[in-house]
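Some notes on the structure that comes next.
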Ligand SMILES: [Zn+2]
C-alpha cells in the first residue's frame with residue numbers, strides 16, 4: 035500500500051528570510067526527495083484549509099480571529115519569535131487541514147502511512163497563543179479529528195522535537211483519549227515539560243514528559259525508548275500513532291545540544307514504525323515540527339520516507355556526535371516510578 039505526503043506551495047509563502055524557520059527548509063526537503071528518487075514513490079494528499087470547527091476543537095475563537103486579522107492585514111510578530119506575513123493564516127490552515135486529511139487516509143486504509151511536510155509547525159501553539167514559530171496545533175488538531183470525526187478511542191502522539199511540545203500538551207492535557215509522550219532538552223525553551231507533568235483530571239498519566247540533559251545522544255535515546263516509551267505505548271494500545279518530528283535534536287542543529295545523529299533518528303523512526311505495525315495496523319503519520327540545519331533536515335526527512343516505504347537503506351553522511359554522553363539511568367528510574375512501569 036502507498037505512503038502519502040502533504041506538501042503545498044502555500045507552505046513556502048509563509049516566509050521571513052533570515053529567520054531560522056523559513057521557506058528554504060521545505061524547498062531543501064523537496065529537492066532532496068526529488069533528486070533521490072523518493073518523491074516519485076509517494077502519493078500526494080492535497081492540503082485544504084482546516085475548517086472553523088476543526089480549529090475550534092483546539093483553539094479559542096478569539097485567537098483564531100486574531101491570527102486571521104494580523105495575517106490578512108499584511109502580517110506582524112505574534113510573539114518575539116513568531117512571525118506572520120499575508121500568507122501565514124492560509125498556510126497555517128492548510129498545514130492543519132492537510133495533516134487531518136493525511137491522517138484520515140491512513141485511518142481509513144487508503145494509505146499505509148505518511149508524512150506531512152507542512153509549515154508553519156504547530157507543537158508550541160496553545161489554545162489561545164502563538165509561540166515558538168507555531169500558529170495552530172497541527173498534531174493536536176489531527177488527533178482531535180481522529181477521535182471526533184474518525185471515531186478512534188485511543189491516539190498516541192510521540193514528540194521528539196528538541197523542544198517541549200507545550201502547545202500540544204496544553205490543548206490535550208485533560209483528554210484521556212490522547213497519550214502524549216515528549217522528549218526534549220530541559221531546562222530549555224519553552225520552559226515546560228518537567229517529568230512531574232502527567233496530565234490532569236481523567237487524563238492523569240496520559241502525558242509523559244521526558245526532560246533530557248544536553249548531550250543525551252543516540253544511546254541515551256535508545257535506552258529511554260526501550261525502557262520507557264515502548265512499554266508505555268504497548269500499555270496504552272493506540273489505534274493510531276502520530277509523530278511530531280523535529281530535526282533539532284541533531285548534533286549539527288544550531289538551536290540545541292542533544293547530540294542525536296541521523297543514524298539515531300533512523301533508529302527512532304524505524305522502531306516506532308515497527309511498533310505501529312505491532313499495535314495499530316501500521317498506522318503511523320509523521321508531521322514536521324523544527325529542524326534548522328538543511329544538511330540534517332533534508333536527508334533526515336528522506337530517511338523517514340525510506341522507513342515508511344519499507345526500504346532498509348538510510349543516509350548519514352554526517353556521522354555521530356563527538357560529545358554524546360548518554361547516561362540516562364537516573365531519569366529512566368524516575369520515569370518508571372512516576373508512570374508505574
Ligand atoms: Zn524545536
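Residue numbers (my numbering): 35 to 375. In this text, a Cβ means the ideal position worked out from N, Cα and C, and glycines have one as well.
For residue i, which residues from the same chain have a beta carbon less than 6 Å from its beta carbon, with the 5 sequence-adjacent residues on both sides left out?
{"i": "residue 150", "result": "40, 132, 133, 136 and 321"}
{"i": "residue 357", "result": "249 and 293"}
{"i": "residue 219", "result": "196, 246, 290 and 292"}
{"i": "residue 342", "result": "37 and 147"}
{"i": "residue 213", "result": "190, 240 and 270"}
{"i": "residue 283", "result": "196, 292 and 294"}
Just verifying my parser: in three-state terms, what is the DSSP assignment at residue i?
{"i": "residue 318", "result": "strand"}
{"i": "residue 291", "result": "coil"}
{"i": "residue 168", "result": "strand"}
{"i": "residue 81", "result": "coil"}
{"i": "residue 152", "result": "coil"}
{"i": "residue 298", "result": "helix"}
{"i": "residue 362", "result": "coil"}
{"i": "residue 49", "result": "coil"}
{"i": "residue 160", "result": "strand"}
Note down, in chain order, each residue of its chain lying with its Cβ closer than 7 Å to the Cβ of residue i, except the 5 sequence neighbours on either side.
{"i": "residue 355", "result": "251, 285, 293 and 295"}
If I follow the unbroken beta strand (DSSP E) through residue i, where does it start and stop?
{"i": "residue 38", "result": "37-40"}
{"i": "residue 245", "result": "241-246"}
{"i": "residue 252", "result": "Note, residue 252: premise wrong, no beta strand (DSSP E); alpha helix (DSSP H) at 251-258."}
{"i": "residue 341", "result": "Here residue 341 belongs to no beta strand (DSSP E); instead the alpha helix (DSSP H) covers 328-343."}
Looking at the unbroken alpha helix (DSSP H) that takes in residue i, where does it start and where does it end?
{"i": "residue 133", "result": "122-141"}
{"i": "residue 64", "result": "58-69"}
{"i": "residue 265", "result": "264-270"}
{"i": "residue 105", "result": "95-106"}
Leaving aside the five residues before and after residue i along the sequence, list all residues of the same chain whose C-beta is less than 8 Å from its C-beta, in chain order.
{"i": "residue 366", "result": "257, 258, 261 and 262"}
{"i": "residue 266", "result": "213, 215, 242, 373 and 375"}
{"i": "residue 254", "result": "246, 358, 359, 360, 361 and 362"}
Can you tell me the Cβ-Cβ gap for residue i and residue j, rounded? I've got them flagged as a contact below 8 Å.
{"i": "residue 166", "j": "residue 116", "result": "7 Å"}
{"i": "residue 272", "j": "residue 236", "result": "With a Cβ gap of about 17 Å, residue 272 and residue 236 do not count as contacting."}
{"i": "residue 215", "j": "residue 275", "result": "In fact, because the Cβ distance is near 10 Å, the residues do not count as touching under 8 Å."}
{"i": "residue 153", "j": "residue 328", "result": "Actually they are not in contact, since the Cβ atoms of residue 153 and residue 328 sit about 14 Å apart, beyond 8 Å."}
{"i": "residue 302", "j": "residue 62", "result": "The pair is not a contact, with the Cβ atoms about 21 Å apart (cut-off 8 Å)."}
{"i": "residue 156", "j": "residue 201", "result": "7 Å"}
{"i": "residue 194", "j": "residue 279", "result": "6 Å"}
task: Please confirm if the stretch 116-131 is in contact with the stretch 98-105, defined as three or more CB-CB distances below 8 Å between the two stretches.
output: Contact holds between the stretch 116-131 and the stretch 98-105, because three or more Cβ pairs, one in each stretch, are under 8 Å apart.
message: Can you confirm whether the stretch 40-53 touches the stretch 342-352 when touching is taken to mean that 3 or more C-beta pairs between the two stretches lie within less than 8 Å?
response: Segments in contact, no.
message: Could you check whether the stretch 202-216 touches the stretch 156-169, counting it as contact only if at least three pairs of C-beta atoms, one from each stretch, sit closer than 8 Å?
response: Touching, per the Cβ criterion.
query: Is there contact here, the stretch 172-183 with the stretch 75-95, by at least three beta-carbon pairs under 8 Å?
result: Touching, yes.
- prompt: For the stretch 331-342 against the stretch 222-231, are there 3 or more C-beta pairs whose distance is under 8 Å?
  reply: The answer is no - the stretch 222-231 does not touch the stretch 331-342, with fewer than three Cβ pairs under 8 Å.
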